[in-house]
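Below is one structure, written out as structure tokens; the observations come after it.
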Amino acid sequence: MADEKYLLEMKNIVKTFPGVQALKGVELKVRPGEIHALMGENGAGKSTLMKCIAGIYRATEGEIVFDGKILGHYSTADALRMGISMIHQELSPVLHRPIMENIWLGREPTNALGLVNHRKMYEMSKAVLKEIELDEDPRTLMASLTVAKMQMIEIAKAISYNSKLIIMDEPTSALTDKEVKQLYSIMRKLKAQGKSIIYISHKLEEIFEITDRVTVYRDGCFIGVEETKDLKVDRLINMMVGRDVKELFPKVACPIGEVKLEVSGLSHARCFRDVSFTVRRGEILGIAGLVGAGRTEVVEAIFGMRRCVGGEIRVDGKKVAIRTPRDAIGMGMAWLTEDRRQSGIFPMLSVQINMAIATLPKFLNRLGLIKDSLMNGSCDEYVRKIRVKTPSLSQRVENLSGGNQQKVLVARWLMTGPEILFLDEPTRGIDVGTKAEIHRLITALAGEGKSIVMISSELPEVMGMSDRIMVMHQGKVTGILENSADLSQEELMAYATDTAGEYLKSRGKK
Amino acid sequence: MTKDSPTSIIKQAPMQIVKKYGIVIVLILMIVGLSIAEPAFLSSTNVFNVLTQSAIFGIMALGLTFVIISKGIDLSVGSVLAFSGVIAASLGQTMATTGKFFPHLAELPVIVPIMAALAVGAGCGAVSGFLVAKTRIPAFIATLGMMTVARGLALIYSGGKPVSTLIPSLTALGGKLFNVIPVPVIIYFVMIVISSVLLNKTRFGKNVYAIGANITAAEVSGVNVKKNLVLIYTYSGLLAGLAAIVFAGRVGSVHPGAASGYELTAIAATTIGGTSHSGGIGTIWGAFVGALVLSVMRNGLTLLGVDAYWQQVVEGLIIVMAVIIDMRKNAKRD
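In structure tokens, the structure reads:
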């Protein structure tokens, strides 16, 4: 084993972002002609590592050896030329151009005059498509293809670059079973040709079906690498979730009151179906599940950002109709969104307006003009209360750290005096210290009798904070569990991957 | 740790001061330079002249400031000026006019044409706003449509001919108060104050910034995005209607082809004044300074005897330069 040949060797890779160390010295070794799975919870560092390989990020420290050569700093274009292709989770095809132009984008074959040689491009495309057994005319517009076919085109593109290593980041998340089978057959074919594939997926059954070896990461650390055939499901889950840090999130018991929010049979055309749950006063309901399980979508629907096809929502026992976020806020709801930049902060505006935007009517004088002293007073109060580190209220919020931006958003919602709080990944991407502060704050809010619904992809967080945990898998609720002492991360993960039946059987539970 | 403590301003390299106060410095340099080269530049008559010249597109620039902060654009204001202008003029003609637009209409009080212009302007703006808010088509397209439609309606309404011989109380709006202060300048300044209060002191103003900075976050935070978008374009149209009144007063007649291209001057003024087309950033003060830069430049180049064609070349360069300076100012300090 000592002189084993690897196509790709990554050693001691460290990647630091401002305030966060995403990779803490990890390794990855990929053999030629193998399908290698990367596993880990959300935030384990898989995607960051892949972006380092593909030349999107530059590793802060560490060594990358590919095909016998030590790589320095390189771009995505360099990576492609060397034979590294990445098929991203989110495809970005040029929709209104034909397949062939998508495949040869940026390196179109030209004739003597420097004009694009469409004839040649067509022939070359046909050859590549034949290789992946895709029966499509290269002149077909991308827009007319299904997502699965677009994915195939991406693979065709990778082949056209003559890639030795193809990275697939959750390629099956949008595919039907039949399409998945087709993908597998192409993957096996590529493998037979000696190409290596790095395969990222959250679906355990796929890992066991298609991959040769598995490398597991957790919290930016390398946990281990195993031959897939020697691996058992519960061993893999254990490697992924590992640690037992329940004590880090001290949930203070507080009296739980009557039912505040009741959601029953909520269904959406695409994202989720038949979701029912209740939240009581003083209760924290955690929602666990993997990316794409439909958790955020459920909250979006409750908050009036998504149309539902069925189901009803009751607040304090009364049925309510929520058509816009304004309606929801009017009913005492608050929603700390998942993506701070995309739907949270107003980057170039002041801390003050970022905090006060949802409560402006409270600061008007009799003429309907904003009374600055009133608004500043209220903002100041919250800056002190939850310790937002900002030089002044007039500071642009984009100049604050991620954790402080998050606190500004928390302040925005607390100022509305909410009764029901939806917290979607409330501590994602923020430093440990602030994280603990936010956890304390959430517990304190529950203590004040507020109802809290917390989505989190971090199992320790969900298990440390929640009274009960609702687990979702592909748009369905697979279980609502009491967060008792004997609930294990493994069990929760089994629900999240919809393998709870097998898991419980293997453990001899009911 | 504060970035703007007094000592740090002194320590800042000159280049950074230029970056920070860029356009005001440009304006001061222009004024100083011009008053040395041509002492007549600083005479009160010329100063009022400069302000009067900037009043019409300056008023439109105030409305555009709201629109551009919200990450939109309004290309229709020039045409809307013409459309509301011909309607106002037709209601404000003297009895003695031959070929009067409404031959049997008695001379109306001046408030009638004024209200008509404001109503037509606001109405056009509301339609643009409605299109932007409800159909989600780009503001560029919605207002390009309104620009063409309003111009067409102005031509249809007036039969393609200018509407002239306006009542004295209407032309007085283009004259001078106590023979000293031009009325357009008074109207302009009043609107600067009103717009500034609206943008900084009301819920509406804060919502305008929020919509421009992050429309999704605004909606999630309970801002009524659609209603505010309609209001933003309505205000822009309303100011175009007001500009039409000032135009009618100054010129004494309104041609259906009037104010063609004014929208671009107004957009330029707003942009020079630091309002960002990426949304969320901009001030009324900036629009005022921007409009002033343009009219000082035009006035100065004329005083210096620079060819009118060359003035356009210089104007274009100034717009681009102003935006380059501004983007540096807003670039994040890493």
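Listed in order, the protein sequences are those of chains X and H. The opening residue of the first sequence carries number 50 in my numbering; numbering runs sequentially from there. The opening residue of the second sequence carries number 16 in my numbering; numbering runs sequentially from there. The beta-carbon is built from N, C-alpha and C at its ideal position, and this holds for glycine as well. From a predicted model like this one, the values you see are computed outputs, not experimental measurements.
Can you give me the C-alpha to C-alpha distance between residue i and residue j, rounded to a whole angstrom?
i: residue 216 of chain X; j: residue 517 of chain X; result: 37 Å
i: residue 199 of chain X; j: residue 376 of chain X; result: 39 Å
i: residue 193 of chain H; j: residue 141 of chain H; result: 37 Å
i: residue 428 of chain X; j: residue 86 of chain H; result: 27 Å
i: residue 534 of chain X; j: residue 555 of chain X; result: 20 Å
i: residue 268 of chain X; j: residue 72 of chain X; result: 8 Å
i: residue 165 of chain H; j: residue 146 of chain H; result: 15 Å
i: residue 56 of chain X; j: residue 129 of chain X; result: 15 Å
i: residue 88 of chain H; j: residue 221 of chain H; result: 18 Å
i: residue 195 of chain H; j: residue 207 of chain H; result: 20 Å
i: residue 226 of chain H; j: residue 399 of chain X; result: 14 Å
i: residue 161 of chain X; j: residue 233 of chain X; result: 41 Å
i: residue 111 of chain X; j: residue 59 of chain X; result: 7 Å
i: residue 317 of chain H; j: residue 191 of chain H; result: 23 Å
i: residue 477 of chain X; j: residue 386 of chain X; result: 11 Å
i: residue 62 of chain X; j: residue 76 of chain X; result: 6 Å
i: residue 157 of chain X; j: residue 260 of chain X; result: 34 Å
i: residue 100 of chain X; j: residue 88 of chain X; result: 15 Å
i: residue 84 of chain H; j: residue 439 of chain X; result: 25 Å
i: residue 340 of chain X; j: residue 224 of chain X; result: 15 Å
i: residue 294 of chain X; j: residue 244 of chain H; result: Bear in mind that a pLDDT of 43 at residue 294 of chain X, under 50, signals an unreliable position, so the model cannot answer this.
i: residue 486 of chain X; j: residue 479 of chain X; result: 11 Å
i: residue 93 of chain X; j: residue 289 of chain X; result: 9 Å
i: residue 473 of chain X; j: residue 383 of chain X; result: 11 Å
i: residue 245 of chain X; j: residue 218 of chain H; result: 58 Å
According to DSSP, which residues form a beta bridge with residue i?
i: residue 262 of chain X; result: X/85, X/276
i: residue 368 of chain X; result: X/363
i: residue 57 of chain X; result: X/79, X/115
i: residue 248 of chain X; result: X/86, X/217
i: residue 320 of chain X; result: None; residue 320 of chain X has no bridge partner.
i: residue 41 of chain H; result: Answer is none; residue 41 of chain H lacks a bridge partner.
i: residue 70 of chain X; result: X/65
i: residue 108 of chain H; result: H/181
i: residue 329 of chain X; result: X/308
i: residue 473 of chain X; result: X/504
Would you mind working out which of the options sits nearest residue i, comparing C-alpha positions?
i: residue 433 of chain X; options: X/456, X/527, X/173, X/409; result: X/456
i: residue 81 of chain X; options: X/147, X/177, X/243, X/126; result: X/243
i: residue 365 of chain X; options: X/396, X/356, X/312; result: X/312
i: residue 388 of chain X; options: X/451, X/352, X/404; result: X/451
i: residue 408 of chain X; options: X/391, X/378, X/385; result: X/378
i: residue 264 of chain X; options: X/274, X/255, X/256, X/184; result: X/274
i: residue 460 of chain X; options: X/338, X/404, X/308; result: X/404
i: residue 132 of chain X; options: X/138, X/123, X/173; result: X/123
i: residue 494 of chain X; options: X/462, X/339, X/417, X/443; result: X/462
i: residue 501 of chain X; options: X/536, X/276, X/525, X/331; result: X/331
i: residue 390 of chain X; options: X/420, X/458, X/335; result: X/458
i: residue 99 of chain H; options: H/135, H/180, H/338; result: H/135
i: residue 236 of chain H; options: X/266, X/324, X/406; result: X/406
i: residue 144 of chain X; options: X/185, X/105, X/98, X/195; result: X/195
i: residue 210 of chain X; options: X/192, X/283, X/155, X/241; result: X/155
i: residue 453 of chain X; options: X/437, X/443, X/447, X/445; result: X/437
i: residue 151 of chain X; options: X/359, X/272, X/186; result: X/186
Got a sec, what are the start and stop residues for the alpha helix (DSSP H) residue i sits in?
i: residue 226 of chain X; result: 226-241
i: residue 380 of chain X; result: Looking at the DSSP string, residue 380 of chain X is not in any alpha helix (DSSP H), and its letter there is neither H nor E.
i: residue 541 of chain X; result: 538-545
Residue range of the beta strand (DSSP E) that residue i falls in?
i: residue 145 of chain X; result: Segment: none, residue 145 of chain X is in no beta strand (DSSP E) and carries neither H nor E.
i: residue 337 of chain X; result: 333-338
i: residue 136 of chain X; result: 133-136
i: residue 531 of chain X; result: 525-531
i: residue 354 of chain X; result: Taken as a continuous stretch (DSSP letters only), residue 354 of chain X belongs to no beta strand (DSSP E), as it is neither H nor E.
i: residue 502 of chain X; result: 500-504
i: residue 301 of chain X; result: No beta strand (DSSP E) holds residue 301 of chain X; DSSP gives it neither H nor E.
For this session: Name, going along the chain, the residues of the region 368-401 of chain X whose beta-carbon falls closer than 7 Å to a beta-carbon of chain H.
Result: Those residues of the region 368-401 of chain X that come within reach of chain H (Cβ to Cβ, closer than 7 Å) are 374, 375, 378, 384, 386, 391, 392, 393, 394, 395, 396, 397, 398.
**Message:** Output needed in chain order: residues of the region 278-309 of chain H with a Cβ under 9 Å from some Cβ in chain X.
**Reply:** Under the 9 Å Cβ criterion, the region 278-309 of chain H contributes 291, 293, 294, 295, 296.
**Asked** Residues in the region 216-237 of chain H with C-beta within 9 Å of chain X's C-beta atoms, listed in sequence order?
**Response** Listed by position along the chain: 216, 217, 218, 220, 221, 222, 224, 225, 227, 228, 229, 231, 232, 233, 234, 235, 236, 237.
inquiry  = Any C-beta of chain H within less than 7 Å: which residues of the region 414-431 of chain X qualify?
reply    = Within the region 414-431 of chain X, those residues whose Cβ lies closer than 7 Å to any Cβ of chain H are, in chain order, 417, 418, 419.
- Message: So if I threshold CB-CB distances at 8 Å, which residues from the region 201-214 of chain H count as touching chain X?
- Response: Only those residues of the region 201-214 of chain H whose C-beta falls short of 8 Å from the nearest C-beta of chain X are listed: 212.
Against chain X, which members of the region 238-272 of chain H pass a CB distance test of less than 8 Å? The region 238-272 of chain H vs chain X, Cβ under 8 Å: 238, 239.
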